[in-house]
Ligand code: NAD
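Following this line, the structure appears as structure tokens:
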């Protein structure tokens, strides 16, 4: 038998539970089934479980629907019972939410509820895996939750296996990761974790004819990094804080570009071509959002403070991020002179492209501010309109496509970097707008294409492009 087949066979049939069926839990459960394991995905939200059992996908993620159809009812089951799932599993991944508490620290109540349930379901050795993002020392804390209920340390191991998937590319991120980090303190748990991920570590998954195609550009084989549980917990918080830092850094540089008439795109090309820095995450915009960066930066700050270590750089990352949105609002005000009563078209509601997630979305925060200033907003997003409605209700109107949103608007605002927006017919957009003004909070367009379309173009960290008054249509207001 060849090495690949051997690894593939070895990885099959592990009994696994994944607790939490959100963006991480559902993707992890589905991908673990795709790797050949038998998975029970659990959620306390019975409506979610009913919908998943009925064949719904619940979240917008590439390839997820296809993999769910492939494994649902065979390798992948759904349940509302943590205890029943845990009793039938050797390995239990905890993938519940870990939101921010009011003081920025992590609210671990969902993790605690799961740990309490697990304490009542121990019927043999189990590996309990922290997939949720948690502060350093949580593995000890989960361990204590079980030992305090009379379970001997030999009955279980708690492992930290942080998740690095990005919404929008979650499935391929899980199946073709840059790295897999496993923080375990026993040989037994270390071996079981290696077995779970064997088809990814040795590349045998990618060789299967049915494998989800590897994303382009081709990724190298993942690094498999084994650490202590504390280091693994710290790796996740430090990684997200560093990525947020990179975004805030480039946004601060973009603001300075605006002060001196430089162009952030040119500056980024120059910075990013240094192999020590790299081009990733050097995109200026209206700042980071989502369910991870804001809360993880705050959580990292809180946990460092708790241990007596001051890390003010983390405060500055957040301050710059918030300033970036305020700066964009000032730009809108400047472009329209007054904004009260203006009709604005907004493209993008999700916190980033490729997802329907609007949690902590900069787009939603910008809209909330513009509504406070009495603007009327018509928005379009390819995937996130239903979720946005849950937050914004009927306070804005929703369009069926970007052109319908633009019709009769005083300006067009781009707030999420959906690839679809880059292909808009700008001449048609100009015809539809009441004033030919575009404010691009994500630098989706080049200045050359905006100039060609005759649109006044405000972007981030680049000089403003003013449309010549002679190009304005009759009846349009010159700025
Ligand atoms: P989510 O809110 O989408 O999903 C969490 C799920 O857990 C919900 O469906 C909820 O009903 C369920 N849940 C809560 N308590 C439960 C309990 N006691 N028993 C069973 N189910 C319970 O959250 P998410 O975005 O999937 O994030 C989960 C964790 O993963 C968080 O710690 C997050 O920081 C981390 N993470 C998220 C991402 C991401 O991109 N979303 C990436 C990496 C890591």
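Numbering (my numbering), first residue to last: 3 to 481. No residue lacks a Cβ here, since even glycine has one placed at the ideal position from N, Cα and C. Source: prediction; values computed, not measured.
What I want to know is whether the C-beta of residue i ends up closer than 7 Å to one or more non-hydrogen atoms of the ligand NAD.
| i | result |
| --- | --- |
| residue 50 | yes |
If contacts are defined as beta-carbon pairs under 8 Å, then residue i and residue j qualify, I think. What distance do you get, rounded to the angstrom?
| i | j | result |
| --- | --- | --- |
| residue 159 | residue 188 | 5 Å |
| residue 120 | residue 140 | Rounded, the Cβ-Cβ distance is 14 Å, inconsistent with contact. |
| residue 304 | residue 105 | 7 Å |
| residue 428 | residue 455 | 4 Å |
| residue 224 | residue 180 | 6 Å |
| residue 411 | residue 436 | 6 Å |
| residue 98 | residue 112 | 4 Å |
| residue 88 | residue 123 | 4 Å |
| residue 342 | residue 297 | Not confirmed; about 33 Å, so no contact. |
| residue 279 | residue 164 | Actually they are not in contact, since the Cβ atoms of residue 279 and residue 164 sit about 24 Å apart, beyond 8 Å. |
| residue 417 | residue 365 | 4 Å |
| residue 258 | residue 288 | Actually they are not in contact, since the Cβ atoms of residue 258 and residue 288 sit about 17 Å apart, beyond 8 Å. |
| residue 344 | residue 460 | 15 Å between Cβ atoms; not a contact. |
Can the beta-carbon of residue i be found less than 8 Å from the beta-carbon of residue j?
| i | j | result |
| --- | --- | --- |
| residue 327 | residue 354 | no |
| residue 19 | residue 42 | yes |
| residue 95 | residue 182 | no |
| residue 59 | residue 70 | yes |
| residue 162 | residue 114 | no |
| residue 191 | residue 463 | no |
| residue 117 | residue 156 | no |
| residue 84 | residue 108 | no |
| residue 169 | residue 290 | no |
| residue 44 | residue 176 | no |
| residue 350 | residue 171 | no |
| residue 203 | residue 226 | yes |
| residue 300 | residue 102 | yes |
| residue 92 | residue 16 | yes |
| residue 207 | residue 37 | yes |
| residue 426 | residue 443 | no |
| residue 293 | residue 370 | no |
| residue 39 | residue 358 | no |
| residue 389 | residue 348 | no |
| residue 185 | residue 233 | yes |
| residue 35 | residue 23 | no |
| residue 33 | residue 129 | no |
| residue 166 | residue 246 | no |
| residue 453 | residue 434 | no |
| residue 316 | residue 264 | no |
| residue 311 | residue 239 | no |
| residue 352 | residue 386 | yes |
| residue 274 | residue 281 | yes |
| residue 458 | residue 431 | no |
| residue 338 | residue 372 | no |
| residue 1 | residue 266 | In the structure displayed, the chain extends from 3 to 481; residue 1 sits before or after that span and is not available. |
Please confirm if residue i has its CB atom under 8 Å from at least one CB of chain D.
| i | result |
| --- | --- |
| residue 32 | Among the chains of the structure shown, chain D does not appear; only one protein chain is present. |
As a quick check of your reading: which residues have a C-beta less than 6 Å from at least one non-hydrogen atom of the ligand NAD, in chain order?
21, 22, 23, 24, 25, 26, 27, 44, 45, 46, 47, 50, 84, 97, 98, 99, 100, 112, 115, 116, 134, 135, 165, 167, 169, 293 and 294
Given 8 Å as the limit, is there contact between the region 247-257 and the region 208-219, that is, 3 or more CB pairs closer than that?
no
Taking contact to mean 3 or more Cβ pairs, one atom from each stretch, closer than 8 Å, check whether the region 369-384 and the region 445-454 are in contact.
Verdict: no, contact absent.
The region 313-333 in contact with the region 390-397 per 3-pair CB rule at 8 Å:
No contact exists between the region 313-333 and the region 390-397.
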